[in-house]
Amino acid sequence: MSYLHKGFFHLSGLVLAGGMLISPVHAEDTGDKVANALNERWASTVTNCTDSKGHVLSALTCSGVLLRPKHTNDTEHRMSAADVLFLRHDLKYPPDNMTGEILGGQYALADGKSVSAACVRPSPVDYTITREAFGCGKPASVPHNNEDTDNSTCNSLIPGPGEAGWSWDGECSLSVLIHREFKLAMDLNRASPGNLPMQIWYRYWPTSIADDVNNLHMEALLYQDGDKKALTGRQNDRALFLKNNLNIPIIRFTARNEKPFSYHADEQVMKSECAEKSGGEKIACQITQDYNNTAESCGNGDYDIAAKCSGVVIRGTSGNLNRTYHSWEASPESLKNGGISFSYLRKDAKFKRLSFDDSTGFIFYPEHFSHGQASINILCGYPLDAGTGNRSNKGCGPASNSRLDCDKLEFNIKTGNDWVKMVYENAKTEHDFCGFILHDEINSFLGAKKGFTVMLDAMKALNSQKDNKSFSEQNELRLEAWPKMKKDIPLEAFFYLPGHPDALKSAQKDQSEFKIFSGRIVPVIRLTLPQTPEADAVFEYRKEDQLMLMQ
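According to the working numbering, the residues represented by the sequence shown are 73 to 623, in order.
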């Protein structure tokens, strides 16, 4: 998606403070101190900076706020680069959708093979087009990078608007090192059309912020005033960082305020009715919150799909009281295949029945909130049951009798409607369905986060176009099979569906046997699946259903 072909600019992503000459703000500082520092950088209108030796440097080193849009893609990976937006109140900036992560400015002009600024453009170019020189050069099918400290291509040779050959989306990029050239970029930005901010290309950007979070010195999480969904997303992010012992404050951005950045203590945690609950009641409450959480993704990593912090990852199991293996164990077929089937239940991805009409089963914690238990990889997903037991690649590959060539189709499937028209309408059986790759060990054209979003969109399209097809039939996730004796699987609860003979007894049997197996007491939850598209799933903890109580 090009910045230059949109009537608005979605600033969703990372904000970095630019400036070697500014004392860095750290996550352990108070939220008010972080907000004050950001306001100072935002308000600065300097045209250049001076170091302790009197050397004149570009304004990047002592002013402005830098924002990394949340659109990590394969193009940027190929370039080993990422675009970052330079924001000050006296420059062009969009008034809406400011949300993401604020990072320290320690890398603004660093040398060597580390994250550092390579060049600046007065107005942003399309980040989906591969370019040479860490995004600073001309378009190229295969990017060629060099190790120059300055990767800009035009500098003082750049013409201005109105000159022959001028294009806001042209080849020219300016220097972040030469203060006159950076000032020229700011002057050109003020003369540019619309509200498009300056764009700085950074070399050696990490594939995932999560992979390099300690080195990036994150300062804060940002959301726009009034955007409740963005605030919930940042609260999800903050919970993840707290899990990694990083206390990152949430900062509010209010457009058109003289001091737009502010800290609010009551926004640091998601308001939750679960806080005062305990034991099984708290688990049922948290599962309900996960069900109602319709986050688009769970962070900036390529594989931080929404299922890692929202929704309910659920597996139906046989209620046979005489089964030959434990319900939480991988079946002999799954161990042989390497994958295990689950479904994903959420307020915007609901269904009325489980696979095989199962009436018992278990729920996994979202990966980002697994309470010290192991993570189980989510490999792939399908908008409908896809008969994965007969597929290759742990259930993520084609079935032996598949009629569709999913390897070719995936390049054209970019929306949920595409999947319905190209896959569902041409499939003879579930074995023809094409899935979405959600794990980094398997190649994917769309990428994991986008693929998961398109999978959910396909469910919505099936409901609107095909008589609520995805509500009548559950979706399917494939998780990596775990060893039979693995005791630290992220099991959050066992469940049963009311109105089914022996379902409660089966769930109680699971609870008792899992305590013997793992030493953990996991609650039994009564799950009522919605029977109309307008209804919602209900998760209930009932003390009388428990054979043993959580402490």
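Glycine included, each C-beta is placed from N, C-alpha and C at the ideal position.
Checking the sheet assignment: what are the DSSP bridge partners for residue i?
i, result
"residue 121", "129"
"residue 155", "273"
"residue 508", "453"
"residue 548", "454"
"residue 557", "Paired residues: none, contrary to the question."
"residue 290", "175"
"residue 296", "325"
"residue 596", "566"
"residue 388", "433"
"residue 192", "246 and 272"
"residue 211", "203"
Report back the beta-carbon spacing between residue i and residue j to the nearest angstrom; my notes put them in contact at under 8 Å.
i, j, result
"residue 65", "residue 420", "In the structure as shown, the chain begins at 73 and stops at 623. Residue 65 is therefore absent and cannot be evaluated."
"residue 174", "residue 291", "5 Å"
"residue 426", "residue 574", "Between residue 574 and residue 426 the Cβ distance is about 15 Å, and since that is not below 8 Å, they are no contact."
"residue 475", "residue 469", "Not confirmed; about 15 Å, so no contact."
"residue 121", "residue 133", "5 Å"
"residue 596", "residue 580", "6 Å"
"residue 520", "residue 509", "7 Å"
"residue 529", "residue 488", "3 Å"
State buried or exposed for residue i, treating a residue as buried only when at least 16 other CB atoms are found within 10 Å of its CB.
i, result
"residue 408", "exposed"
"residue 397", "exposed"
"residue 603", "exposed"
"residue 330", "exposed"
"residue 443", "exposed"
"residue 127", "exposed"
"residue 170", "buried"
"residue 613", "buried"
"residue 620", "exposed"
"residue 214", "exposed"
"residue 609", "buried"
"residue 389", "buried"
"residue 505", "buried"
"residue 360", "buried"
"residue 113", "buried"
"residue 350", "exposed"
"residue 225", "buried"
"residue 623", "exposed"
"residue 570", "exposed"
"residue 164", "buried"
"residue 386", "buried"
"residue 615", "exposed"
"residue 460", "buried"
Is it the case that the Cβ atoms of residue i and residue j are separated by a distance below 7 Å?
i, j, result
"residue 189", "residue 248", "yes"
"residue 465", "residue 511", "no"
"residue 156", "residue 138", "yes"
"residue 325", "residue 296", "yes"
"residue 294", "residue 323", "yes"
"residue 411", "residue 550", "yes"
"residue 187", "residue 277", "yes"
"residue 162", "residue 117", "yes"
"residue 399", "residue 582", "yes"
"residue 562", "residue 483", "no"
"residue 533", "residue 492", "yes"
"residue 196", "residue 268", "yes"
"residue 567", "residue 433", "yes"
"residue 200", "residue 147", "yes"
"residue 194", "residue 260", "yes"
Between residue i and residue j, what straight-line distance do the alpha-carbon atoms span, to the nearest angstrom?
i, j, result
"residue 605", "residue 257", "53 Å"
"residue 210", "residue 158", "21 Å"
"residue 607", "residue 453", "24 Å"
"residue 378", "residue 320", "21 Å"
"residue 617", "residue 576", "7 Å"
"residue 490", "residue 221", "44 Å"
"residue 438", "residue 552", "15 Å"
"residue 98", "residue 104", "At residue 98 the pLDDT is 49, less than 50, meaning the model places this residue with poor confidence and gives no usable figure here."
"residue 423", "residue 535", "10 Å"
"residue 314", "residue 153", "28 Å"
"residue 337", "residue 312", "18 Å"
"residue 481", "residue 456", "17 Å"
"residue 309", "residue 333", "19 Å"
"residue 362", "residue 202", "38 Å"
"residue 584", "residue 555", "20 Å"
"residue 265", "residue 348", "52 Å"
"residue 346", "residue 544", "31 Å"
"residue 467", "residue 495", "17 Å"
"residue 440", "residue 446", "11 Å"
"residue 537", "residue 110", "48 Å"
"residue 564", "residue 382", "14 Å"
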